[in-house]
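Protein sequences appear in the order of chains A and B. First residue of the first sequence? That's 1 in my numbering, and the numbers climb one at a time after it. First residue of the second sequence? That's 1001 in my numbering, and the numbers climb one at a time after it.
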Amino acid sequence: MFLTKLAIKNLTRHKKRTIITALVISFGIFIFLLSDSLMIGLRDISLDNNINLETAHLQIMEEDYWNEKEESPLDYLLKENNEVINKIGNDYSNITQYTSRLKFTATINNGQEEYPITVIGIQPQKEIDIFELEEYVLEGEMLRTGKYAMIGISLANMMGFEIGDYVTLLFKNKEGTFNTIDAELQGILDTPNPMINEMHVYVPLSLAQNSLNLENKVSKFLFRLENRDQSVEMAANLNKEFKQDNLKIKAYHWEQLSKEVLAMVRQGNVENLVMLAIIILLATVGVINTVILAALERLEEIGMMKALGLKSREIVYIFVIESAGIGIIGSTIGVIFGAIGVYLLKNIGISVSAMTGGTTSFGMPIAGRIYGGWHPEAFLFIFIFGIIISTLVSILPARWGAKKDPVKAIYHR
Amino acid sequence: MPLLKLDNVKKTYHQGKIDVPAIRGISLEIEEGEFTTIFGPSGSGKTTLLNIIGCLDKPTAGEIYYNETKKLSELSKNELSDFRRYNLGFIFQGHNLIPVLTAFENVEFAIRIIDEMTKEERRKKVLDILDSVGLGGLEDRRPNELSGGQKQRVAIARALVKNPKLVLADEPTANLDSETSEEVLDIMLKMNQKLGTTFIFSTHDPQVMKYARRLIEIRDGKVTTDQRGEDLDVPH
């Protein structure tokens, strides 16, 4: 206890040095907490955006379509009036709404230039109940049935389209014959998903089906559930049923549908590990430097303590407790400033364009502002981590100081 | 029975390929309660001898017996630490006080690491010893609030508070003016007489030697004279 008290008092010897070392640790902790909060915010916003604008909670499609979904093929399609799907819609009470989409690739043409896009045939009325597209209509209105189209703001700006203009979509049907859709631009979207703003053109499902000679055919069915946590279990149950009935269709839950986003989140976790490595480095350099300086300054004292009968391990203990003290101060400051930073990130957010110059959104379906997320476990973890690291890295230099020959230490030889 | 017995103790330092003998075979017996001064010119081996007696340094050859039976060369590092902790007190030239501790805490340090007393016993013991060295009322001062003489008195109190059998003082008055030196030596002598503590201190100051009850002269690592008694021949 006395040695602990002495170690704590030693922290006041060189207050500036103690504070600077603690601040170095706290800076690393602060950055880690911001980074962690941002990653959680990015993940939550990305997943929410993905679910609310693109994937819904659960989708059913042919397995072969799933395997080639990146190409939006016109093969492996499903019947729109599908008995199996209608039965699922009736049997599962946790399904709040479901709809179907027909997805294909095309180029959009403004009379001067063309640009590759993805066309999505939707049932406007049902879409409103499942997705939040309507909330992001910037100009014009939500798509209606007829020869209408709805595009994203980035695409509209790039191609110079305004509400009321006619957009021309050029594509090949299943037989390989070129066809076009001429549709009046009814709405311009400004969603938080840059991919939608730049690459998607929405047309009524019936218009898409007629133009592709695919009457009553859709790419997939999309389901909104009471909450996303029900999705995984429901997909498993459905797939069991499909297998028993020898159906080629398969259900996919939200995690499978958001695979790319989750992969980016994992990438973010790697970035957090890099931040941890930086904290370790900062703490190591700061604490080792401090302990070596302290040992050199206190050589006579170390010699005196040995003369009084203190053992090397007791002297190591004094230095290690001092370093733990620095770790506690640094971690506390880091966590306090981290909490303030995370609070601001959560409530005020940060503009993606301000962070990236408007050119990217880290590849995630995010635009506008990013908001941080609370992660109390991260605070607890990094607080303890900061203390443990600063304690551990002090052991070697402390042993170096404590092993000094008492005579050489006392007489500065 | 002597408290301490040195039997042909030698110490040689190695500086590169050159061997530098510091102690060239000293045999001595120190009786319990003696107030001994080791004197000699700089480099004669006084400090080396004190360090060897204090178990801070190991002799190259020879043996040191404590209470005739304990061979100090046979003790491990930890056992030597314990030996110093319980049996020895040290007073250095530079008082070597811990600057973040008060006078009370600096003295208390020596008995806190022994941990044989209650808090109240410890407090009484520390205050008594501080009072004995003339520092009553100054126990809450930190070293930077004390004069050089007062600091050295704290160091004396720290050395004596655990009632050690033997106190080793390496030129304890070297950094003090003559008046303060006499005060410090008076205290040491008083403690020797009051507590029966054995003192061995080194010096090359003739003014200090007059306090000695035994005077050992060392030159070139050898004992050249060894006088005991009241009327010693103190060199000028």
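Even glycine gets a Cβ: it sits at the ideal position worked out from N, Cα and C.
Judged by their CB atoms, GLU314 (chain A) and LEU11 (chain A) are not nearer to each other than the 9 Å cut-off. In the structure shown, PRO124 (chain A) adopts helical secondary structure according to DSSP, grouped into three states. Going by beta carbons, SER26 (chain A) and GLY334 (chain A) fall inside the 9 Å limit. DSSP places SER154 (chain A) in the helix class (H, G or I) of the three-state scheme. Cβ-Cβ separation between LEU1166 (chain B) and LEU1003 (chain B): approximately 6 Å, consistent with a contact (criterion under 8 Å).
Only residues of its own chain outside the window of five on either side were considered, and among them LEU1006, LEU1072 have a CB closer than 6 Å to the CB of ILE1064 (chain B), listed in chain order. Between SER323 (chain A) and ALA398 (chain A), the C-beta spacing is below 9 Å. Shown here for LEU53 (chain A): same chain residues with a beta carbon closer than 7 Å to its own, the five before and five after excluded, namely PHE131, GLU132, LEU133, THR191, ASN193, ILE196 in chain order. Annotation for LEU143 (chain A): no alpha helix (DSSP H) segment contains it, and DSSP assigns it neither H nor E. A straight line joining the alpha-carbon of ILE1187 (chain B) with that of VAL1161 (chain B) spans about 13 Å. Annotated three-state conformation of THR12 (chain A) is coil, per DSSP. Interface flag for VAL1100 (chain B) against chain A is set, since a Cβ pair is found closer than 9 Å. Residue nearest to GLU260 (chain A) within the set A:ILE20, A:GLY327, A:GLY286, A:ILE51 is A:ILE51 (criterion: CA-CA distance). For the region 1046 to 1061 of chain B, the set of positions with a beta-carbon nearer than 8 Å to some beta-carbon of chain A reads THR1047, ASN1051, GLY1054, LEU1056, ASP1057 in chain order. Here ASP182 (chain A) is near VAL167 (chain A), since their CB atoms are less than 9 Å apart. Closest by C-alpha distance to GLU215 (chain A), out of A:GLU80, A:GLY386, A:HIS14, A:TRP66, is A:GLU80. Counting along the chain, PRO397 (chain A) sits inside the alpha helix (DSSP H) bounded by residues 395 to 402.
Here LEU47 (chain A) is near SER258 (chain A), since their CB atoms are less than 9 Å apart. The beta carbons of GLY1089 (chain B) and ALA1159 (chain B) sit closer together than 9 Å. DSSP places TYR252 (chain A) inside the beta strand (DSSP E), whose first and last residues are 249 to 253.
Residues of the same chain with a CB within less than 7 Å of the CB of ARG1085 (chain B), apart from the 5 flanking positions on each side, are ILE1113, ILE1114 in chain order. Under the DSSP assignment, ILE1052 (chain B) falls in the alpha helix (DSSP H) whose first and last residues are 1046 to 1053.
Residues of the region 383 to 395 of chain A with a Cβ closer than 7 Å to any Cβ of chain B: none. Between ILE1113 (chain B) and chain A, the shortest Cβ-Cβ separation is below 9 Å. In the DSSP assignment, ILE1113 (chain B) falls outside any beta strand (DSSP E) and carries neither an H nor an E. Taking a 10 Å sphere around the C-beta of SER1044 (chain B), we find 16 or more other C-beta atoms and assign the residue as buried. Within chain B, the residues whose beta carbon sits less than 9 Å from that of THR12 (chain A) are VAL1100, listed in sequence order. For the 9 Å CB-CB criterion, LEU143 (chain A) and ILE117 (chain A) do not form a contact.
In this structure, PHE1109 (chain B) sits away from PRO1172 (chain B), with a CB-CB distance that is not shorter than 9 Å. Considering only A:LEU6, A:HIS14, A:LEU77, A:MET1, the residue with the shortest C-alpha distance to THR290 (chain A) is A:HIS14. Going by DSSP, GLN1227 (chain B) is part of the beta strand (DSSP E) stretching over 1222 to 1228. In this structure, SER219 (chain A) lies near LYS103 (chain A), with their beta-carbon atoms less than 9 Å apart. Among the residues facing chain B, PHE319 (chain A) is not included, as its CB has no counterpart in that chain under 9 Å away. Note that the C-beta distance between PHE383 (chain A) and SER331 (chain A) is below 9 Å. Contact of VAL407 (chain A) with chain B is assigned, a C-beta pair being separated by under 9 Å. When DSSP states are grouped into helix, strand and coil, THR1069 (chain B) belongs to the coil group.
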